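**Q** Once you've had a glance at the structure underneath, I'll fire off some questions.
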Amino acid sequence: MTTPTPRVIVPNAAAKGEIFQVKTIISHEMETGLRHDDQGNVIPRKIINKFVCRYNETVVFSVDLHEAISANPFFEFSLRATESGRLDFVWEEDGGAVYMLSHQFTVG
116 MTTPTPRVIV PNAAAKGEIF QVKTIISHEM ETGLRHDDQG NVIPRKIINK
166 FVCRYNETVV FSVDLHEAIS ANPFFEFSLR ATESGRLDFV WEEDGGAVYM
216 LSHQFTVG
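Each residue of the sequence shown is one higher than the one before, starting from 116 at the first, in our numbering.
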């Protein structure tokens, strides 16, 4: 399995009160735990099971994921620019691995 790679598309700045789009994706194979290898052994489940976006420490988008989600989960959502600060993106994987990105954002 390759190392998961998270990516986000977010503007660097927006006017106060403006609604802007956030797009996120993480390249991840999302093994469901329902398949078997060539020897008949169950391939253990290994999926991204949670995604959270925080805007200056406040959770603004959160989703719990299950086996039915496809590989490379993509999310697009809207936020309202209220103040300058940081957007934090966190993807959690079965087994405890965590993948994070942060993005500085300016409201003018």
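All residues carry an ideal CB built from backbone N, CA and C; glycine is no exception.
Keep in mind it's a predicted model, so treat the numbers as computed, not measured.
What are the complete beta strand (DSSP E) segments, minimum 3 residues, inside the stretch 162-198?
**A** Those beta strand (DSSP E) runs which fall completely within the stretch 162-198 and span 3+ residues are 163-170, 173-179 and 189-195.
**Q** To the nearest angstrom, how far is it from the Cα of M145 to the Cα of G223?
**A** Taking the sequence shown and counting its residues from 1, the one referred to as residue 145 is at position 30. Taking the sequence shown and counting its residues from 1, the one referred to as residue 223 is at position 108. Going from the Cα of M145 to the Cα of G223 covers about 39 Å.
**Q** Could you tell me the boundaries of the beta strand (DSSP E) in which E207 lies?
**A** Reading the sequence shown from its first residue, position 92 is the one you call residue 207. From DSSP, the beta strand (DSSP E) with E207 extends over G200 to E208.
**Q** Does DSSP classify R302 as helix, strand or coil?
**A** Residue 302 cannot be examined here, being either before or after the span of the chain that is shown, 116 to 223.
**Q** In this structure, does DSSP put V125 in helix, strand or coil?
**A** Along the sequence shown, one-based indexing puts residue 125 at 10. Three-state result, V125: coil.
**Q** Does the beta-carbon distance from F176 to F189 come in below 9 Å?
**A** Taking the sequence shown and counting its residues from 1, one reaches residue 176 at position 61. Taking the sequence shown and counting its residues from 1, one reaches residue 189 at position 74. Contact: no.
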